[in-house]
Amino acid sequence: MPEGHSIHRIAKQFDRNFVGQKVTASSPQGRFVSGAKQLSGHEIVEAKAVGKNMFLGFDHDLWLRVHLGIYGAWDFAGEILADGTIESSNGRIGQTQQRGTVVGAHEDSLGSIGAPRLTRLRMSEQETAEVETEPFPPEPIGQVRLRLLAERAVADLRGPTICEIRDAQGVQEVVDSLGPDPLVDEGPEAENRFALKVKSKQTPIGVLLMDQSVVSGIGNIYRAELLFRAKLNPHIPGKQLSESAIRELWLDWSRLLRLGVETGQIMTMDGLSKTDYRKALANRADRHWVYHRTGLPCRVCGTNIVMEMAAGRKLYWCPKCQA
DNA sequence: TGCCCATGGTAAT
DNA sequence: TTACCCTGGGCAG
Numbered sequence: 236m237p238e239g240h241s242i243h244r245i246a247k248q249f250d251r252n253f254v255g256q257k258v259t260a261s262s263p264q265g266r267f268v269s270g271a272k273q274l275s276g277h278e279i280v281e282a283k284a285v286g287k288n289m290f291l292g293f294d295h296d297l298w299l300r301v302h303l304g305i306y307g308a309w310d311f312a313g314e315i316l317a318d319g320t321i322e323s324s325n326g327r328i329g330q331t332q333q334r335g336t337v338v339g340a341h342e343d344s345l346g347s348i349g350a351p352r353l354t355r356l357r358m359s360e361q362e363t364a365e366v367e368t369e370p371f372p373p374e375p376i377g378q379v380r381l382r383l384l385a386e387r388a389v390a391d392l393r394g395p396t397i398c399e400i401r402d403a404q405g406v407q408e409v410v411d412s413l414g415p416d417p418l419v420d421e422g423p424e425a426e427n428r429f430a431l432k433v434k435s436k437q438t439p440i441g442v443l444l445m446d447q448s449v450v451s452g453i454g455n456i457y458r459a460e461l462l463f464r465a466k467l468n469p470h471i472p473g474k475q476l477s478e479s480a481i482r483e484l485w486l487d488w489s490r491l492l493r494l495g496v497e498t499g500q501i502m503t504m505d506g507l508s509k510t511d512y513r514k515a516l517a518n519r520a521d522r523h524w525v526y527h528r529t530g531l532p533c534r535v536c537g538t539n540i541v542m543e544m545a546a547g548r549k550l551y552w553c554p555k556c557q558a
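Heads up, the final residue of the first sequence is numbered 558 in the working numbering, and it's a clean run with no missing numbers.
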């Protein structure tokens, strides 16, 4: 269920621990045997994310395209470097109530990028890390579609919607079909592309934001939160939005995506006190303005948050703030 | 233990 | 619009 920020974090993870290495590829589950055979023995030369797609480049013009869909996840194990920016000011990471999050002696290995530690790291819509005690490489857990085994690190892919081999041109075709991603397409050109597209559509903005050919990486949480932050009624057709409102949406998405990549969380509430911010990082229920808050009072005006289906997904919004 | 739900997307209807 | 893919967590029983 990861939105764009998670995919960028996963690509970074590959960049840190796999780029420059030859891997042995296999499909323990048996559903990607031929693909794994093609990749096996090749060196990973690049990892990049565009929206919710991740592309791993191998030598000899081999590319792996992975889309995690709603269930997918990557499990990393071995001597891997993890990104510790979710560390909060009191030096602790994550929340001890949440199963599998980082605790105790392991904290410092995630607090900064330093010497590799033996770790197991699960990257999906949430991230969990723990000290690995098994011998390396560990037995695959669950239905592993693809295992990429390097000398000291291993990555297991489970439950993806898409897992396929392409060449560079095939990758470009996918990228061309996607709307701009603020972390890939920086600068005014990307913003213009987004604005032009939105301005040309009669479709409600609440639907457009979920359309990956309009803008990349926004999922159901970011959609609801972006609209609330912009005080926009989700039903307004794209072409009826003011130019400045559209550009502000793009800028806000850029901000939130960067923050999400930094923290590993979909953090959409700003202006919080340090205490509240820590609470929000630790507790999903305190993290959003409207998402998943049907019937609860709006955090700004007290009006009950409503829910309706839009683009086949649940959309949450405040009828007063977003009138 | 077994259901329901989920931060996606596609194909069939 | 609906069904389905496919996995795991939460929660009712």
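For each residue, glycine too, the CB sits at the ideal point set by N, CA and C.
Here DSSP, grouped into helix, strand and coil, assigns arginine 534 to coil. A straight line joining the alpha-carbon of leucine 444 with that of valine 450 spans about 7 Å. In the three-state DSSP reduction, arginine 401 falls in the strand class (E or B). The alpha-carbon separation between glutamate 426 and asparagine 539 amounts to approximately 33 Å.
A contact is defined here as three or more CB-CB pairs under 8 Å, and the segment 521 to 528 meets this definition with respect to the segment 446 to 463. Taking all protein chains shown into account, glycine 265 has fewer than 16 neighbouring C-beta atoms within 10 Å of its C-beta and is therefore exposed.
Measuring C-alpha to C-alpha distances from isoleucine 376 to each of Ile440, Ala403, Asp416 and Trp309 identifies Trp309 as the nearest. Residue pairing by DSSP puts phenylalanine 311 in a beta bridge opposite Leu356 and Ala390. For tryptophan 485, the enclosing alpha helix (DSSP H) begins and ends at 478 to 498.
One Cα belongs to glutamate 278, the other to arginine 401, and the distance between them is close to 15 Å.
Between glutamine 407 and arginine 493, the alpha-carbon positions lie close to 24 Å from each other. Rounded to the nearest angstrom, the gap between the Cα atoms of glycine 313 and tyrosine 551 is 40 Å.
Note on glycine 307: 16 or more other CB atoms within 10 angstroms of its CB, so buried under the neighbour-count rule.
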